[in-house]
Ligand code: FES
């Protein structure tokens with residue numbers, strides 16, 4: 075099985091079944107990768123920077139490329155976690171400003187207000 079590594083202060087690494095998306099891999103490994111649109115290639119909160127193994131991800135389809143272009147995420151090599159399927163070992167960097175799931179963000183912001 076392919077090994078996926080999420081580089082982040084709370085990062086995770088582990089083996090996942092082939093052909094799962096990076097988002098599904100993150101969930102399987104217990105890493106809270108954001109996914110505000112639920113995986114429909116419309117928000118880009120699931121984006122990751124591919125550090126190694128880009129050739130082991132599925133090809134970028136039209137919807138993913140369109141969103142990457144609109145968000146100016148073509149350089150360095152970014153992928154949408156909800157669209158990129160794992161075909162082999164891969165290492166991705168998760169932006170630290172994109173790491174906290176919405177529910178935790180709300181709790182944190184409420185804690186600041188209280
Ligand atoms: S979860 Fe919204 S684009 Fe991937």
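Numbering (our numbering), first residue to last: 75 to 188.
Even for Gly, the Cβ is constructed at its ideal location relative to N, Cα and C.
Residue 125 sits away from residue 109, with the two beta carbons spaced by 9 angstroms or more. Note: residue 88 is bridge-paired with 78 in the DSSP secondary-structure output. Contact between residue 161 and residue 76 is confirmed by a C-beta separation of about 7 angstroms, below the 8 angstroms threshold.
Segment contact: the region 134–152 against the region 86–106, fewer than three CB-CB distances shorter than 8 angstroms; contact not assigned. In the displayed model, residue 154 falls within a strand according to three-state DSSP. Any heavy atom of the ligand FES counts here; residues with a Cβ closer than 5 angstroms to one of them, in chain order, are 109, 111, 113, 115, 117, 120, 154, 156. Rounded to whole angstroms, the gap between the alpha carbons of residue 103 and residue 164 is 14 angstroms. In terms of CA proximity to residue 113, 138 leads the group 79, 138, 93. Within the same chain, and ignoring the five residues on either side of residue 168 in sequence, the residues whose Cβ sits closer than 6 angstroms to its Cβ are 80, 82, 122.
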